[in-house]
Structures are given as structure tokens and as C-alpha cells.
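Q: Please read through the structure below; I'll follow up with questions.
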Amino acid sequence: MAEMLIAWPKALVREGRELPTSGVPGVVTQLRAAGVTQLDGMTAPHKGQEEFRHTNLTALAEPLFRTLARPATLAHESIASWLYPDAAWAQIVFVNGVYCPALSTRRSLPETVYAGGLAEGWTGSHAATLEAHLGSCLGARSTFTALNSALLQDGAFVHVPRNTVLSAPIHCLFISLPQETPVSVHPRNLFVVDEGSEVSILCTYAGLAGKNPVLTNLVEETVLGANTRLDYCKVVQENAIGCHLSTHEVRQERDSRQNAFFASLSGGLVRNQAYTRLAGEGTQCHVSGLYLCDGQRTVDNYLHIAHEQPHGESRIFFKGILEDDSRAVFLGKVHVFPGAQQTDSEQLNNNLLLSERARVNTKPQLEIYADDVKCTHGATVGPPAEESVFYLRSRGISESTARGMLTRGFAEETLEAIRCDEARGRLAGHILDKYQVKR
Amino acid sequence: MLEIKDLRAAVNGVEILRGLNFSANAGEVHAIMGPNGSGKSTFAHVLSGKAGYEVLPGSQVRFQGRDLLELPAEERARLGLFLAFQYPVEIPGVTNANFLQTAANEIRESRGLDKLDALDFGDFLREKMAYVNVNPVMADRFVNHGFSGGEKKRNEILQLAVLEPSLAILDETDSGLDIDALRIVSEGVNKLRSPDRTFILVTHYQRLLSYVEPDFVHVLYKGQIVKSGGKDLALELEDKGYDWIKEEVDSNG
Chain S
422 MAEMLIAWPK ALVREGRELP TSGVPGVVTQ LRAAGVTQLD GMTAPHKGQE
472 EFRHTNLTAL AEPLFRTLAR PATLAHESIA SWLYPDAAWA QIVFVNGVYC
522 PALSTRRSLP ETVYAGGLAE GWTGSHAATL EAHLGSCLGA RSTFTALNSA
572 LLQDGAFVHV PRNTVLSAPI HCLFISLPQE TPVSVHPRNL FVVDEGSEVS
622 ILCTYAGLAG KNPVLTNLVE ETVLGANTRL DYCKVVQENA IGCHLSTHEV
672 RQERDSRQNA FFASLSGGLV RNQAYTRLAG EGTQCHVSGL YLCDGQRTVD
722 NYLHIAHEQP HGESRIFFKG ILEDDSRAVF LGKVHVFPGA QQTDSEQLNN
772 NLLLSERARV NTKPQLEIYA DDVKCTHGAT VGPPAEESVF YLRSRGISES
822 TARGMLTRGF AEETLEAIRC DEARGRLAGH ILDKYQVKR
Chain W
1103 MLEIKDLRAA VNGVEILRGL NFSANAGEVH AIMGPNGSGK STFAHVLSGK
1153 AGYEVLPGSQ VRFQGRDLLE LPAEERARLG LFLAFQYPVE IPGVTNANFL
1203 QTAANEIRES RGLDKLDALD FGDFLREKMA YVNVNPVMAD RFVNHGFSGG
1253 EKKRNEILQL AVLEPSLAIL DETDSGLDID ALRIVSEGVN KLRSPDRTFI
1303 LVTHYQRLLS YVEPDFVHVL YKGQIVKSGG KDLALELEDK GYDWIKEEVD
1353 SNG
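In C-alpha cells form, the structure reads like this:
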């Protein structure tokens, strides 16, 4: 199994040698080379590794995904429903990982702010920022991150310079467009928020219909300078056979605040792996999420928060609803370093099972090396509470309506964490549609 | 409007209600008192249709001319029965307004009435909230979520006001309330008394009955109503406790 898995990344890397090199900055060349070297020494992810122990990786077996997606263009109509049409926001669009200026709009952005393609960005006036930060957050995580570096080509790049407060969100839309064979896409995102700035970034990963799967292997690095605030909301809506693997690396400097939300709504295999380093004092990191699983789907969330400095606050709050034969994995790890006193951390994962065949593996963990901290963690897995169903029925509400209301309520409670009204509204609409009549 | 004959019910094979007889007419307020373990809450739950109780053959409950025991909980509610819970359930993610609009409309629909839209229902709800003295912000809060004990009980009274039942059963609504909360809840009940509405107050304490004056007081013991009387009976119980009744019943075998 492991050997089968290692073959296709290597085939891809051979293909990656054909990536254009002219005009590519030194940092990108170095990252590509380092990725190739790392891959050589790595085994493929397998169940013997703690972080992949419960994840079914058979969807990634040969001969899938050994081809890189080719650049493609799309008509505006075919992606319009994924945009926020009434919002006067910057909306930047990527098709199979490559930036499409023709589909994007950046009118509302202040001139000092950059939002666009990474490859476009490495030649412009924000190139120095890109060179300074690209690769600076990423550790040698796995085959997937090494592969992403080896094949580094494009992705979303946002730079908000010092003391800039953006009132409108920036929307990054990534379209997966199926091709004649299974293909893989390796976007590399970089978000840099300089000292004293605030921004809201929405990312949508949307799969168009097609008979061959697309694998998205995303790496995203986010640097939050001192006293910054980031609101982040990521929505994964790949098609039923689409695979989405992502590694998010966030570094927070002192007094920075991050409020992140991960919505996994569809896709055959979805894995969000988010690492946050609270590298300065007095940081705040709130990460919430919602996953909706049905059919044979697997959704996997792996969250790691490192409290490296004192007075940090972290919250992890994830909820999932599972139907049919679906599976979910939740692994949360809060790591409190020696000296990270006054750390305040809460971690909770709740799962609602609507089928007896669905399965959840959940493991919220704490690793604490400081003695003056307040940390809690917990998890629940179970069917809807019968006493809640009865409470609604005792008010005249039919059983099927009651179950629907409870299911929607369970999901909707998580949305309170999202500050962007439009994003929250769109997710609420999705929940309403999905659990309207069923059960 | 409510007639109960020889009601027997068991939990896990243990008979809790053992031949209970009771009847009530429209507009009356009945208090059902009794020592711990006498079957008070079982009585309230069985009438509301809660699962987990085995109603034994021969039991009869007629409500508004229908055989209550054969109806599922939601149909009992649509027929006009309301249970105020001893421990109201928290439902995160569902707002009070959404919950009550859904409930009110399902009840209206079952009676052949038009559903109320969000706007009309909003007006109706605000009116009811003002009437029973509930802060309007409660409409947008999740049902009972993070409410204090007193707020939960007041929310039950609000539901009663909105759903306008013909029979309201209050299951130990007074338990655990401080005097201010008790007063507010009692005021709500008094305002909602009407010639068309019957109340059954299931309570452990006499205190509630000095705020809501009952027409009849019944003592439940070992799953039967063993004594009935006027409101003075409650005062007598407060004075003398239940022992004299227990002795009376136990000596008669």
C-alpha cells in the first residue's frame, strides 16, 4: 500500500521538471529543489503514522493523479454561482490552481494591498514580501507538503501592509475542473498581514461536475504580524469524487488574533490539516468548523495549536453530522510549551450520527509543559438526543420536522463563529437545503 | 374535558401509577401534591405521551372526547395539551422564535387554519412576550440554551401563552425557583387562567399555591389519588406534612 502510494508523487515530480523556470525568484527555485529532496527521503503517508491512522487513503492509490492539471479557461457563467455576486469585494479566481485574471475582480482593493496570483505577485511590487515569507512557516510535514513545494507553480497571494484595515473581505475561489484523466493540482497560498492590520479572507474550493476526479493538494502559509486580526473562512465543496488535502500553516506574532472556520460540505475525501504557532505573547486563536458527511465520504480534520508564549488563548470547536456509511476523523492537539503560562485553551468536538453505519474517530489531546494554565478538551459522538425530540413533539411538532430542526440547529450553532454575514448566510442556506426534508 | 379512569403505568416493569382516577372540567385549576416517589412526574409524563412508560391495559384517558392514550405526543399537543417541563431541554442552534413559529403553525395546520408568516408571527410573539413579561431579546436566543433556571421556567410559560392550550400541566415548575422567579412564573399562570383553560399543577411544595390559587387539591400517594379537597387541604399538608395521610392509607391496606 505505502509503496503504491509513493509511486505517483515521483511520477509527478518528473513531470514537474517541465515547469517554467524563467522569471522565477530564488526562493521558489529553492523550495522546489527542497521539495524534491524531501520526497526522496520520505515514505508515503500510511496508517502507521499517528496523523493518518484513521484516514482511508485508498482513494489516492495508483493510477490516479499522476498527471498534473493543464491550464484551462472557463466562461464566467460556469463559475458565477460560486462567487458572491452582490458583494463589492475583491474576488480572485483560480482554475485548477492557476490564477485567472479574466475571471477575477480587484476593483475595490486599496492600491497598497495585493491580492492575486502568486506567480503574478513574484514579479510585482510585493515581491520582496513574498520572498521574505514564502516557505517560512512550512515544516517538513509529509509527502503531500513536499510534493506541493516540488511542484510550486501558483496559488493565492494576499499582502496587507502595515496599519491597513480592510472592511470588505477578499474572496479566493478555486475551481476544480475535471479533465480527460484523473489530475492533481497543487496550489500554494501565501497570506501576509503586516503589523496593525485587519482582513477577512474567504476561500472556496469548488468542484465542477466531471467523470474523472481532481486531487487538490493545497499548502497555505499565513503570517500574522503583531497586533493583527484575520477572519478566515474556508469552504470545501468538491464534487463527489474530488479529493481535497490541505496543510495550513499559520504563524501568529504577539497580540495577533485569528478567527478561522473550516466548512467541509462535499468531496470524496477531504482533509484539513491546520497548524498554528502562537509565536508571540497575548495571541488569540479561535478555530471552528463544520463537516457534513454522507454516502461513503471521509472528512478528516487535524488541528494543531502550539502555545509557545504566555497569555495565549485558543479555542477549537468542531462539529460534524454523519449519514449513511460516511466517516469522520478529528484529531486536535494543543501543545503548551514550557513558559507559556496563563494559557487558556478549550477544545471540543461534537458529532451527530444519523446512521448506525457511520463512524467517527475523535481524539482531542493536550500536551502541557507549563504549570499555570487553563486547558479543557472533550468530545461527544451520538445520535440525536431523544429528550430533545420529545420536547419539540410535545409542542405539536411532528417527529420528522423535529429531527430536521435538531439536525439543522446542531450545524447552525457553529456558524455563529463566522463574522462575515454573506459567508454565514450562504452556509446556513446550504444546511437548510441539505436537512430540509430528510430525517 | 379530561377524564381518567384506572390509569396504571409501569417503568421497567415496576408499576408506578396504580389505578389513578381523576377528572377536570374546563377552567378549573387542580393541584396534585404528594411525597417524593408518589408518581407525580410519571402522571405528567404519561399524559404528555413521553416514551419509556408502559401504560397497562384497562387504563382510560379521555381528553376533548378523544382517547388520549392512543395518540402520539405531537397529536396530543395539537389537541390542546401542554406540558411545562420540570427540566426544560436546551436546543442550541434553534431560536425560540423559529421553534415557536414551527410549533404554532403545525398546531394551526392540524386545525385547518392558515399558517402565520414570519412577520405576522413576529408581531404575535412580541405581544405574548410583553403579556407574560419576557424580555423580547429572548426571541432570538437559542431555545433554553444558557438560560438560568428561572429563565427556563419563564420560557415554558411563554410557550404556554403562545400555544394557547386547553389543558396545561405544570410539572414541578416551582421546584428550584427563588421567590422572585416563582412570583413571575405565578403571575404568568394567573394571567393565562381562563374559563376555557384547565391547569394541573404538579408540585411538591405548597408555596406555589399561595400565588396560584387552586380550585381543587389532590394528594397522590403510591400511584393513586388518595385524598381530594379544596385549597385548604394544601395548607393542612403544609402544616402537618404527608405522614398522617400515609398512615391513613397504609392502615386501610
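Chains S and W supply the protein sequences, listed in that same order.
Whatever position you read off the first sequence (first residue = 1), add 421 for the numbering used here.
Whatever position you read off the second sequence (first residue = 1), add 1102 for the numbering used here.
Think of the CB as a built atom: it goes at the ideal place given N, C-alpha and C, for glycine as much as any other residue.
It should be emphasised that the depicted structure is a prediction, and the values quoted were computed from it without experimental measurement.
For a contact meaning CB atoms closer than 7 Å, what does Ser809/S contact in chain W?
A: Residue numbering aside, residue 809/S sits at position 388 when the first sequence is read from its first letter. Chain W residues near Ser809/S: Val1191 and Ile1193.
Q: Closest Cβ-Cβ distance between Leu713/S and chain W: below 8 Å?
A: As a working mapping, residue 713/S is identified with position 292 in the first sequence. By this cut-off, Leu713/S is not an interface position.
Q: Please list, in chain order, the chain S residues whose beta carbon lies closer than 8 Å to that of Leu1185/W.
A: Residue mapping note: residue 1185/W aligns to position 83 of the second sequence, counting from 1. In chain order: Ser815.
Q: What first and last residue would you give for the alpha helix (DSSP H) that runs through Leu1339/W?
A: Numbered from its first residue, the second sequence carries residue 1339/W at position 237. Where Leu1339/W is concerned, the enclosing alpha helix (DSSP H) stretches over Asp1334 to Lys1342.
Q: Can you give, in chain order, each stretch of the alpha helix (DSSP H) that sits fully within the segment 783–841 of chain S and has at least 4 residues?
A: Within the segment 783–841 of chain S, the complete alpha helix (DSSP H) runs of at least 4 residues are 807–814 and 820–836.
Q: Determine, using beta carbons only, whether Ser819/S comes closer than 8 Å to chain W.
A: The sequence position of residue 819/S within the first sequence is 398, counting from 1. Closer than 8 Å to some Cβ of chain W, the Cβ of Ser819/S qualifies, so yes.
Q: Is the CB-CB distance between Ala1111/W and Leu1119/W below 8 Å?
A: The count along the second sequence starts at 1 and reaches residue 1111/W at position 9. The count along the second sequence starts at 1 and reaches residue 1119/W at position 17. Yes.
Q: Please list, in chain order, all residues of the same chain as Ala493/S whose beta carbon is under 7 Å from its beta carbon, the five residues on each side excluded.
A: If you number the first sequence from 1, residue 493/S lands on position 72. So the qualifying residues of the chain are Val516, Asn517 and Leu598.
Q: My understanding is that Thr533/S touches Pro603/S, with C-beta atoms under 8 Å, so please give their C-beta distance in whole angstroms.
A: In the first sequence, residue 533/S corresponds to position 112, counting from 1. In the first sequence, residue 603/S corresponds to position 182, counting from 1. Their Cβ separation, rounded to whole angstroms, is 42 Å, which puts Thr533/S and Pro603/S out of contact at 8 Å.
Q: For Lys859/S and Leu452/S, I'd like the C-alpha separation in whole angstroms.
A: To locate residue 859/S, count along the first sequence from 1; it is residue 438. To locate residue 452/S, count along the first sequence from 1; it is residue 31. At Lys859/S, the pLDDT of 45 sits below 50, so the modelled position is not reliable; the number obtained from the coordinates is stated separately. In a straight line, the C-alpha of Lys859/S is about 48 Å away from that of Leu452/S.
Q: Helix, strand or coil, according to DSSP, for Asn1237/W in the structure here?
A: Taking the second sequence and counting its residues from 1, one reaches residue 1237/W at position 135. It is coil, neither helix nor strand.
Q: DSSP three-state label for Lys754/S, please.
A: As a first step, residue 754/S must be located in the first sequence, where it is residue number 333. The answer is strand: DSSP assigns Lys754/S an E or B state.
Q: Could you spell out where the alpha helix (DSSP H) holding Phe1201/W opens and where it closes?
A: Along the second sequence, one-based indexing puts residue 1201/W at 99. Counting along the chain, the alpha helix (DSSP H) containing Phe1201/W begins and ends at Asn1198 to Ser1212.
Q: In the segment 1195–1210 of chain W, which residues sit with their C-beta less than 7 Å from some C-beta in chain S, listed in chain order?
A: Result list: Gly1195, Val1196, Thr1204, Ala1205, Glu1208 and Ile1209.
Q: Using a Cβ cut-off of 8 Å (strictly closer), state whether Gly803/S contacts chain W.
A: Translated into the one-based positions of the first sequence, residue 803/S becomes position 382. No, because no Cβ of chain W sits closer than 8 Å to the Cβ of Gly803/S.
Q: Given Leu559/S, which residues of its chain have a CB within under 8 Å of its CB, disregarding the five upstream and five downstream residues?
A: Along the first sequence, one-based indexing puts residue 559/S at 138. Around Leu559/S: Thr566, Ser570, Val640, Glu642, Thr668 and Glu670.
Q: How would you call Val1239/W, buried or exposed, if buried means at least 16 neighbouring beta carbons within 10 angstroms?
A: The residue given as residue 1239/W occupies position 137 in the second sequence. Classification for Val1239/W: exposed.
Q: Where does Lys655/S land, buried or exposed, given buried means 16+ other C-beta within 10 angstroms?
A: Residue 655/S sits at position 234 when you count from the first residue of the first sequence. With 16 or more other Cβ atoms within 10 Å, it is buried.
Q: Between the alpha carbons of Cys624/S and Ser529/S, how many angstroms are there, rounded?
A: As a working mapping, residue 624/S is identified with position 203 in the first sequence. As a working mapping, residue 529/S is identified with position 108 in the first sequence. Whole-angstrom Cα-Cα distance: 18 Å.
Q: State the CB to CB distance for the pair Thr649/S and Ser621/S, rounded to an integer number of angstroms; the pair is presumed to be in contact (CB under 8 Å).
A: Looking up residue 649/S in the first sequence gives position 228. Looking up residue 621/S in the first sequence gives position 200. No, Thr649/S and Ser621/S are not in contact; Cβ-Cβ is about 12 Å, not under 8 Å.
Q: Using a 10 Å radius around the Cβ and a threshold of 16 neighbouring Cβ atoms, would you call Ser747/S buried or exposed?
A: For the purposes of this step, residue 747/S is taken as the residue at position 326 of the first sequence. It is buried - the Cβ of Ser747/S has at least 16 other Cβ atoms within 10 Å.
Q: What's the gap between the Cα of Leu460/S and the Cα of Gly437/S?
A: In the first sequence, counting from the first residue as 1, residue 460/S sits at position 39. In the first sequence, counting from the first residue as 1, residue 437/S sits at position 16. Whole-angstrom Cα-Cα distance: 13 Å.
Q: For Asn660/S, which option in Ala647/S, Leu629/S, Arg675/S and Leu651/S has the closest C-alpha, if you only look at C-alpha atoms?
A: Walking along the first sequence from the start, residue 660/S turns up at place 239. With distances taken between Cα atoms, Asn660/S lies closest to Leu629/S.
Q: Would you kindly report the start and end of the unbroken alpha helix (DSSP H) that includes Asp1345/W?
A: In the second sequence, counting from the first residue as 1, residue 1345/W sits at position 243. Here the alpha helix (DSSP H) through Asp1345/W covers Asp1345 to Ser1353.
Q: Output, in chain order, the set of chain S residues within a Cβ distance shorter than 8 Å of Leu1265/W.
A: Within the second sequence, the letter at position 163 stands for residue 1265/W. Arg816 and Gly817, listed in chain order.
Q: Since Ala832/S meets chain W, which of its residues come closer than 8 Å, beta carbon to beta carbon?
A: The sequence position of residue 832/S within the first sequence is 411, counting from 1. Within 8 Å Cβ-Cβ: Gly1195.
Q: For Ala423/S, does the count of other Cβ atoms within 10 angstroms reach 16, so buried, or fall short, so exposed?
A: Mapped onto the first sequence, residue 423/S falls at position 2. In this predicted model, Ala423/S has a pLDDT of only 42, less than 50, meaning its place in the structure is not dependable; the value taken from the coordinates is given anyway. Exposed, because fewer than 16 other Cβ atoms sit within 10 Å of the Cβ of Ala423/S.
Q: Compute the beta-carbon to beta-carbon distance between Leu645/S and Ile1193/W, rounded to the nearest angstrom, for a pair I have assumed lies under 8 Å.
A: For the purposes of this step, residue 645/S is taken as residue 224 along the first sequence, with counting starting at 1. For the purposes of this step, residue 1193/W is taken as residue 91 along the second sequence, with counting starting at 1. Leu645/S to Ile1193/W, Cβ: 36 Å. No contact.
Q: In angstroms with no decimal places, state the Cα-to-Cα distance between Val1321/W and Gly1160/W.
A: As a first step, residue 1321/W must be located in the second sequence, where it is residue number 219. As a first step, residue 1160/W must be located in the second sequence, where it is residue number 58. Cα-Cα distance, rounded: 23 Å.
Q: Sort out for me which residues DSSP pairs Tyr505/S with in a bridge.
A: The sequence position of residue 505/S within the first sequence is 84, counting from 1. Answer is none; Tyr505/S lacks a bridge partner.
Q: From Asn1114/W, Leu1269/W and Ser1140/W, pick the residue whose C-alpha is nearest to that of Tyr1344/W; which is it?
A: If you number the second sequence from 1, residue 1344/W lands on position 242. Looking at the Cα atoms, Ser1140/W is the closest of the given residues.
Q: Could one say the Cβ of Leu539/S lies closer than 8 Å to chain W's Cβ atoms, at least one of them?
A: Along the first sequence, one-based indexing puts residue 539/S at 118. Taking Cβ atoms only, chain W never reaches closer than 8 Å to Leu539/S, which makes this a no.
Q: If contact means a Cβ-Cβ distance below 8 Å, which residues of the segment 1143–1160 of chain W contact chain S?
A: Answer set for the segment 1143–1160 of chain W: Ser1150, Gly1151, Lys1152 and Ala1153.
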